[in-house]
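Heads up: the sequence lines are chains A and B, in that order. Throughout the first sequence, residue numbering follows our numbering, covering 34 to 316 in sequence. Throughout the second sequence, residue numbering follows our numbering, covering 34 to 316 in sequence. Beta carbons are placed, not taken as given, at the ideal position from N, Cα and C, and that holds for glycine. Every value quoted in this text rests on a predicted model; they were computed, and no experiment measured them.
There are 2 protein chains.
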Amino acid sequence: MAEKLYHEITPEGFGIAIENDEDLFSDKSPYQTVDVFHSRAFGNVLTLDGLMMVTERDEFFYHEMIVHIPMLTHKNPENILVIGGGDGGTVRELLKYNSVKHIDMVEIDGMVIEASKKFFPTVACGLNDERVSVLVQDAVDFIKDKENVYDVVLIDSTDPIGPGEGLFNEGFYNNVKRALKKGGIVVPQTEGPFAQSENMRKTYKLLRKVFKNVAPYCGPMPTYPGGYWSWGFCSDEVEIPLDSSRIDKVRANEIAKTCKIYNIALHGAVFCVPNFVLELAKG
Amino acid sequence: MAEKLYHEITPEGFGIAIENDEDLFSDKSPYQTVDVFHSRAFGNVLTLDGLMMVTERDEFFYHEMIVHIPMLTHKNPENILVIGGGDGGTVRELLKYNSVKHIDMVEIDGMVIEASKKFFPTVACGLNDERVSVLVQDAVDFIKDKENVYDVVLIDSTDPIGPGEGLFNEGFYNNVKRALKKGGIVVPQTEGPFAQSENMRKTYKLLRKVFKNVAPYCGPMPTYPGGYWSWGFCSDEVEIPLDSSRIDKVRANEIAKTCKIYNIALHGAVFCVPNFVLELAKG
């Protein structure tokens, strides 16, 4: 039987193709078109305006990276803010930490959250946890009056087009910085170094205006453009954790036991990025 | 204008899609169908039996990784064997080393070499160098009577189906080992950890039967399945170069200046691989 083929072709003229076995959901929210289909290769797949967001089979690459690098670098992360992240994968990883007292997740699109709860139960499984507040609103507004509240802020957003656009400017990042406690860490996703190099460069130009210590870290992400993704470690007080030997081994090894990717050797290694990525991350 | 779309869909049901602007070459060799097309995204693209082999724009990811990790770990690599590698990218990187006296490149399919010289001039540029012997023959036969000849052997092969199949068995690797000088290093490509995990596991099972020290190292490779690739560092005498501080800084920095990826920090970091890759590489 010929399968339907889902494509995401970037403006540069390439992308991923996935056999779509069955359409499961399609609706328009006030912000975007939300689609879910089932694939043999990746299990359930969620796209927003046709762009790949999350699959059951490879989501761990993204969620382990955005969470465990900052969380295991911070000495005692208690209050956490997740911006975007409506699928719940980032929250699921955060809930592995006993130190965490509260997580605010601010997602603009309630339909993403509902679709994830229904079609991605292994990803969205933490969203009803008593330590989590799920806030369906624009993070640009939410962050405006926050001061000295969060230990770690994770920006698990879409690309800098559509609803995610307001999350890629200096005013927003200044507000994020004000919302941080002393010794706080911010990690945004910073786009694909190979497939979206100009987006990445612009993002680092912005991050370097706002934070003293900024460094990219990278990892594979099979269903995202180019299969290769980056996140930005940003802090004013915390140094870039280049040296795995400074990480708390007991805490890191406890987390690593639950992970498909994260281990303590990898903690420093993810910051050792290719020359062309170092160049892009100069901004 | 609607573009033609090239797909490589793996047996698992996903893969890359690339807009094909123009077919440039298509012919059948005694071994496989060789096609070349032009794409806006990747420049010229060469496929064998429809499977992605090399593109002008992302070949550096693969060629820098297969070459510079073993070459900068070996103290004085003089005689090198490349098995496969008909596009010439591996040879081009090897020719950056003043220590190299001679390179044998043994490629089974002359049509791959000719197509590369014509359509990939920036990749095949070293194949006429006086230090290089290009031998169009089956490496399985070539290696049988070689003993104590090579410092470094690189196995730049296709997948373990079709013409590459004979390069994935114990008899072949025992011959490769006999062809090594004392202190020699062998690096084969060892498939995609995410997209071809069972191929990878079988390959490591084999490598561990033959060599004392075996470890995977990984990196992005946008046009290969899953966007994520692995190579296997194998040696009887040389330890896995986990510690970049043991690498000769002067030599490594000279090479790094010519590279889009390689730098000395990355040398050890590429061996810090995800938990699921460590598990596959147990064999």
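request  = Answer with buried or exposed for D56/B, where buried requires no fewer than 16 other C-beta atoms within 10 angstroms of its C-beta.
outcome  = exposed
Cβ shell of S277/B (< 7 Å), same chain only, five flanking positions each side left out = I297, A298, H300 and G301
query = Roughly how many angstroms separate the alpha carbons of W264/B and K238/A, rounded to a whole number?
reply = 34 Å
message = Given this structure, state the Cα-to-Cα distance separating R234/B from N246/B, to the nearest angstrom.
response = 16 Å
message = Could you check whether T88/A and V78/A sit closer than 7 Å to each other, using their CB atoms as the reference points?
response = yes
ask   = When Cβ atoms are compared, which residues of the segment 232–247 of chain A fall closer than 9 Å to chain B?
value = none
Touch test, the segment 217–230 of chain A against the segment 143–154 of chain A, Cβ-Cβ under 8 Å, three pairs minimum = no
task = For R73/A, return the contacting residues in chain B, with the cut-off set at a CB-CB distance below 8 Å.
result = E45 and G46
inquiry  = Taking the beta carbon of E180/A as the centre, do at least 16 other beta carbons fall within 10 Å, making it buried, or is it exposed?
reply    = exposed
task = Find the residues of chain A that neighbour H40/B, judging by a C-beta separation of less than 7 Å, and give them in chain order.
result = A50
request  = Figure out for me which residue from I42/A, K37/A and K177/A has the closest Cα to the Cα of R31/A.
outcome  = Because chain A is modelled from 34 through 316, residue 31/A falls outside the range shown and cannot be assessed.
query = Taking Cβ positions, are I102/B and V139/B nearer each other than 7 Å?
reply = no
request  = Go ahead and pull the three-state DSSP assignment for M34/A.
outcome  = Any reading at M34/A is ruled out, since the residue's pLDDT is 43, under 50, leaving its predicted position unreliable.
query = Opposite N112/A in the DSSP bridges: which residues?
reply = H135/A
ask   = Of the residues K293/A, N109/A and E97/A, which one's Cα is nearest the Cα of C251/A?
value = E97/A
task = Give me the Cα-Cα distance between M86/A and D137/A, rounded to the nearest whole angstrom.
result = 21 Å
ask   = When the Cα atoms are used, what is the spatial distance from G199/A to N308/B?
value = 36 Å
message = Distance cutoff 7 Å, beta carbons only. Does Y206/A sit that close to anything in chain B?
response = no
inquiry  = Let me see if you follow: with CB-CB separation under 7 Å, is F70/A close to chain B or not?
reply    = no
task = From the DSSP output, in three-state form, read off T66/B for me.
result = strand
request  = Could you check which residue in Y39/B, I280/B and P44/B has the C-alpha nearest to that of A50/B?
outcome  = Y39/B
inquiry  = Rounding to the nearest angstrom, what Cα-Cα distance links L357/A and V167/A in this structure?
reply    = Because residue 357/A is not part of the residues shown, which for chain A are 34 to 316, the question remains open.
message = If you reduce the DSSP assignment to three classes, tell me which class K293/B lands in.
response = coil
message = Against K293/B, what residues of chain A qualify as contacts under a CB-to-CB distance less than 8 Å, listed in chain order?
response = P307, N308 and F309
task = Check whether the Cβ atoms of I273/B and L105/B sit closer than 7 Å, and answer yes or no.
result = no
request  = Determine whether the Cβ of L313/A lies closer than 7 Å to any Cβ atom of chain B.
outcome  = no
query = Are the beta-carbon atoms belonging to F266/A and A285/A less than 7 Å from one another?
reply = no
task = Could you give the DSSP three-state label for L200/B: helix, strand or coil?
result = helix
key: Within the segment 253–294 of chain A, ranges of the alpha helix (DSSP H) (whole runs, at least 4 residues)   = 282–289
ask   = Can you check whether the CB of G197/A is closer than 7 Å to the CB of F227/A?
value = no
request  = Identify each residue in the segment 246–264 of chain A for which the Cβ-Cβ distance to at least one residue of chain B is less than 7 Å, and report them in chain order.
outcome  = P253, P255, G259, G260 and Y261
request  = Can you check DSSP and say which residues form a bridge with D56/B?
outcome  = F70/B
ask   = Relative to the C-alpha of E52/B, which residue among D54/A, E52/A, P44/A and S59/A is closest?
value = P44/A
ask   = Does the separation of the CB atoms of A157/B and G121/B fall below 7 Å?
value = yes
task = Tell me whether F47/A sits in a helix, a strand or coil according to DSSP, three-state version.
result = strand
CB-CB length for L160/B against V186/B, believed under 8 Å = Contact doesn't hold; Cβ gap of about 18 Å is too wide.
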